[in-house]
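Undergrad: First the structure, then my questions, so here it is.
In our numbering, the protein residues as written are 3 to 273.
Laid out in structure tokens, this is it:
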């Protein structure tokens, strides 16, 4: 005899409650409420974004503008770095802007040789990371000029003196307020210049005019300065005119030697 798969309902055979369905119903209601809230938030955002400020409640426009201004001010409140000024070097092209200096029989002038060398020195030191002023002989900037170092570039006579009239000279101010710095600048310039050019150092031929060079009395007393006679326009002419970059390299390296406190000894001179 087959048994009925669904026993008759009755007091003793009532179906048991189906609780899982009630739980799913609660979850469905919660999901619907979440969806409604999400849609409401989106609509509120869209309303705020697209509603003209003139239609917003009184005072709300000013509040929004104030908040925007506060945010902008806050974004600009961070300190901005101040660029540190680069060290300054002064290079004087001897006689430039004043006179021709020594004049050779074929028309070559000292000032054009000095300016060529000085310009090359400026370029080399600028590439080394310094601000370099190219100055005239009586430049207005020289009054109270304050720099790490100043070098005035000159050349010696075109006239034939004798076979010993070759080589270079370097001098600093006799009245320097920091003679140890001035001496070190002279040592660096003479050492590096001789190494670069091969010319002889002629300290015994330094004149009072070089030691009392007018620029020494014009610049700030804290500026270490020197004057260099790069060579004679007679016997050293080929070097000064055809190898001026080599001449400039010697001066630039001498300046860097002084600034970076490199080791240097003054070369022994030859008359």
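Using N, Cα and C, we set each Cβ at its ideal position, and we do this for glycine too.
Going by the CB atoms, is the gap between residue 101 and residue 168 shorter than 8 Å?
TA: Contact flag unset, no.
Undergrad: Compare the C-alpha of residue 137 against each of 94, 112, 118 and 122 and name the closest.
TA: The shortest Cα separation from residue 137 among 94, 112, 118 and 122 belongs to 94.
Undergrad: So residue 191 and residue 227 are supposed to be a Cβ contact under 8 Å. How far apart are they, rounded?
TA: Residue 191 to residue 227, Cβ: 11 Å. No contact.
Undergrad: Among 211, 231 and 221, which one has its Cα closest to the Cα of residue 188?
TA: Taking only the C-alpha atoms, the option nearest residue 188 is 231.
Undergrad: Suppose the cutoff is 7 Å on Cβ atoms and the five residues either side in sequence are ignored; what does the same chain contact list for residue 199 look like?
TA: Hits under 7 Å: 241, 248, 249 and 252.
Undergrad: Closer than 8 Å by C-beta to residue 117: which residues in its own chain qualify, once you throw out the five before and the five after it? Chain order, please.
TA: Around residue 117: 95 and 98.
Undergrad: Rounded to the nearest angstrom, how far is the Cβ of residue 110 from that of residue 201, given a contact under 8 Å?
TA: Actually they do not touch by this definition, with Cβ atoms about 19 Å apart.
Undergrad: State the beta-bridge partners of residue 173 as determined by DSSP.
TA: DSSP output for residue 173 lists 229 as bridge partner(s).
Undergrad: With 16 as the cutoff for other CB atoms within 10 Å, does residue 144 come out buried or exposed?
TA: Classification of residue 144: buried, given that the 10 Å Cβ count is 16 or more.
Undergrad: What residue range is occupied by the uninterrupted alpha helix (DSSP H) comprising residue 246?
TA: Start and end: 246 to 261.
Undergrad: For my contact list, residue 89 and residue 132 are in at a C-beta cut-off of 8 Å; report their separation, rounded to the angstrom.
TA: About 5 Å separates the two Cβ atoms, so the contact holds.
Undergrad: Determine the direct distance from the alpha carbon of residue 196 to that of residue 269, and round the result to whole angstroms.
TA: Their backbone Cα atoms lie some 8 Å apart in a straight line.
Undergrad: Which residues in the same chain as residue 107 place their Cβ atom closer than 8 Å to its Cβ, once the five residues preceding and following it in sequence are excluded?
TA: Contacts found: 160.
Undergrad: I'd like to check one pair, residue 114 with residue 104: are the Cβ atoms closer than 8 Å?
TA: No, these two residues do not count as a Cβ contact at 8 Å.
Undergrad: Could you please give me the residues that DSSP links to residue 159 through a beta bridge?
TA: According to DSSP, residue 159 bridges with nothing at all.
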